[in-house]
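K.L.:
Residue numbers (my numbering), protein chains in the order written: chain S, 450 to 515; chain E, 11 to 146.
Below: one structure in structure tokens.
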């Protein structure tokens, strides 16, 4: 699944570790999501969306439906 | 809970559990050599080291549940590989013992065997996933 997490993080000048700290996950998890190696669970996706004050669809793109 | 905190909690349990395991093995072996003990007492004593192994296994399970969802998934995959491999090996060797009179291997080796395979599996899985050391 493609996502805009890296862009959103860069806009705020946060490191992967800093974002991980805000979401209570590891830096490795942020890296795996950003590189598309891991799709987060629904609760984590909501948490990410809440942090960036946008919807899940604004961050994650459903590439399978296309 | 952060991953570092989970790892610290695991190590706080793992180190004393392993120390107590080693001490209990040494103590029971020493006692067995130097004193004649009735069989029921030996059975009871022989179970003591296993208690510390069970504590360690419980600590490992707790550690896995305390990780975040991505790292937990990696751990669970390594555990599954370890379990599948040790079940396959013990089944095959059990059949060899039963049907082909192969030499018996003590079932005690199942846990160390599992942890060995699990450890190797996690090294490979972790490396592929870009998780370098630090957490088990």
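Every residue, glycine too, gets a C-beta built ideally from N, C-alpha and C.
(1) Applying the criterion that 16 or more other CB atoms from any shown protein chain within 10 Å of the CB defines a buried residue, is residue 86(E) buried or exposed?
(2) Run down chain S in chain order and give the residues with a C-beta less than 9 Å from the C-beta of residue 79(E).
(3) Bridge partners for residue 107(E) per DSSP, in chain order?
(4) Flag residue 481(S) as yes if its beta-carbon sits less than 8 Å from any beta-carbon of chain E, otherwise no.
(5) DSSP three-state call for residue 510(S): helix, strand or coil?
(6) At a Cβ threshold of 8 Å, is residue 92(E) touching chain S?
(7) Within 10 Å of its beta-carbon, does residue 57(E) have 16 or more other beta-carbons around it, so buried, or fewer, so exposed?
(8) Buried or exposed: residue 68(E), going by 16 or more other Cβ atoms within 10 Å of its Cβ?
P.N.:
The structure says:
(1) exposed
(2) Result: 474, 478, 487, 489, 490, 492, 493.
(3) Looking at the DSSP assignment, residue 107(E) forms no beta bridge with any residue, so it has no partner.
(4) Closer than 8 Å to some Cβ of chain E, the Cβ of residue 481(S) qualifies, so yes.
(5) Annotated three-state conformation of residue 510(S) is strand, per DSSP.
(6) no
(7) exposed
(8) exposed
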